[in-house]
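Numbering (our numbering), first residue to last: 1402 to 1637.
Even glycine gets a Cβ: it sits at the ideal position worked out from N, Cα and C.
Treat the numbers as computed from the prediction; the structure is a model and nothing was measured.
Reading through the structure tokens given below for one structure.
In structure tokens form, the structure reads like this:
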């Protein structure tokens, strides 16, 4: 495949290394100094976006408008998801998005929902989420933490919303975010009671797992139309 990289920071460079090692070519590299508005997308087979939240939707639209399949790992733009989804369907395009491309994190998402269903009757346990990322990460909480919170809300009848701060409200899930050093990403979900605690946790050891997932998604998206997530990839 001839791949366009939208966002050529540390993540973009990691994706480039994995892509070229698998025999793919990089036909376009866009960073903060080169926007998609003036880019030639005609020779590309797929685009992979790991840019910044305020550029993601414009990048997605530009690709869909020329029927270029796009993989989106940028988070912080999901308030406009329905708009983007409608555009993808009308354009008969292909969009693959994920809050996290790591296989391990997607296993965590699955385990999170299963554990929440088990914990639903046990109201003596309160649940919270904690996440830590590098200082260059712009959005807070992380998209991964939000996905974990949504999984809890779907399966815990006593929880109806999340807040990116400590809270004592019984119906609210607290997400505590830390930004420090060069941490690739650590997420934990903890159920705490007066007698014990239960915790599930994922710790990324680097960016390689995310890059591999993005390339696998790009390969999988070939020839497809519609809006897809990691669930579609893992279950097919």
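Are the beta-carbon atoms belonging to residue i and residue j less than 8 Å from one another?
i: residue 1559; j: residue 1572; result: yes
i: residue 1580; j: residue 1411; result: no
i: residue 1463; j: residue 1437; result: yes
i: residue 1465; j: residue 1499; result: no
i: residue 1596; j: residue 1557; result: no
i: residue 1454; j: residue 1495; result: no
i: residue 1474; j: residue 1450; result: yes
i: residue 1599; j: residue 1530; result: no
i: residue 1460; j: residue 1407; result: yes
i: residue 1618; j: residue 1472; result: yes
i: residue 1578; j: residue 1542; result: yes
i: residue 1638; j: residue 1601; result: The chain is shown from 1402 up to 1637; residue 1638 falls before or after that span and cannot be answered.
i: residue 1582; j: residue 1630; result: no
Within the same chain, show all residues whose beta-carbon is closer than 6 Å to that of residue i, passing over the 5 residues directly before and after it, in chain order.
i: residue 1603; result: 1505, 1506, 1509 and 1588
i: residue 1612; result: 1415, 1416 and 1419
i: residue 1586; result: 1534 and 1605
i: residue 1514; result: 1552 and 1556
i: residue 1448; result: 1405, 1407, 1464, 1469 and 1471
Roughly how many angstroms separate the alpha carbons of residue i and residue j, rounded to a whole number?
i: residue 1485; j: residue 1477; result: 14 Å
i: residue 1633; j: residue 1620; result: 13 Å
i: residue 1565; j: residue 1533; result: 13 Å
i: residue 1446; j: residue 1624; result: 10 Å
i: residue 1567; j: residue 1444; result: 49 Å
i: residue 1576; j: residue 1635; result: 27 Å
i: residue 1497; j: residue 1489; result: 10 Å
i: residue 1409; j: residue 1435; result: 10 Å
i: residue 1431; j: residue 1440; result: 8 Å
i: residue 1421; j: residue 1413; result: 12 Å
i: residue 1526; j: residue 1591; result: 9 Å
i: residue 1546; j: residue 1468; result: 31 Å
i: residue 1524; j: residue 1569; result: 15 Å
i: residue 1584; j: residue 1593; result: 25 Å
For residue i, which residues of its own chain have a beta-carbon under 7 Å away from its beta-carbon, when the five flanking residues on both sides are left out?
i: residue 1561; result: 1554 and 1572
i: residue 1399; result: Here the chain has residues from 1402 to 1637 only, and residue 1399 is not among them.
i: residue 1550; result: 1530, 1563, 1574 and 1576
Locate the alpha helix (DSSP H) running through residue i, then write down its first and last residues.
i: residue 1519; result: 1504 to 1520
i: residue 1612; result: 1609 to 1622
i: residue 1527; result: Residue 1527 -> not in any alpha helix (DSSP H); beta strand (DSSP E) instead, spanning 1527 to 1534.
i: residue 1551; result: 1544 to 1556
i: residue 1537; result: Note, residue 1537: premise wrong, no alpha helix (DSSP H); not H, not E.
i: residue 1632; result: 1631 to 1636
So, at 8 Å on beta carbons, what are the nonlocal neighbours of residue i in its own chain, with the 5 sequence-adjacent residues on each side left out?
i: residue 1548; result: 1500, 1501 and 1510
i: residue 1539; result: 1453, 1454 and 1477
From which residue to which residue does the beta strand (DSSP E) around residue i run?
i: residue 1492; result: It is not in any beta strand (DSSP E) - residue 1492 instead sits in the alpha helix (DSSP H) that spans 1482 to 1492.
i: residue 1604; result: 1598 to 1604
i: residue 1499; result: Careful: residue 1499 lies outside any beta strand (DSSP E) and carries neither H nor E.
i: residue 1560; result: Premise fails: residue 1560 is in no beta strand (DSSP E) and is neither H nor E.
Against chain B, does residue i count as a neighbour if the rule is that its beta carbon must be under 8 Å from one of theirs?
i: residue 1533; result: The question asks about chain B, but that chain is absent: this structure has only one protein chain.
Can you give, in chain order, each stretch of the alpha helix (DSSP H) that sits fully within the segment 1404 to 1478 and has at least 4 residues? 1411 to 1422 and 1454 to 1466
Minimum length 3: unbroken beta strand (DSSP E) runs contained in the segment 1568 to 1596: 1573 to 1580 and 1587 to 1593
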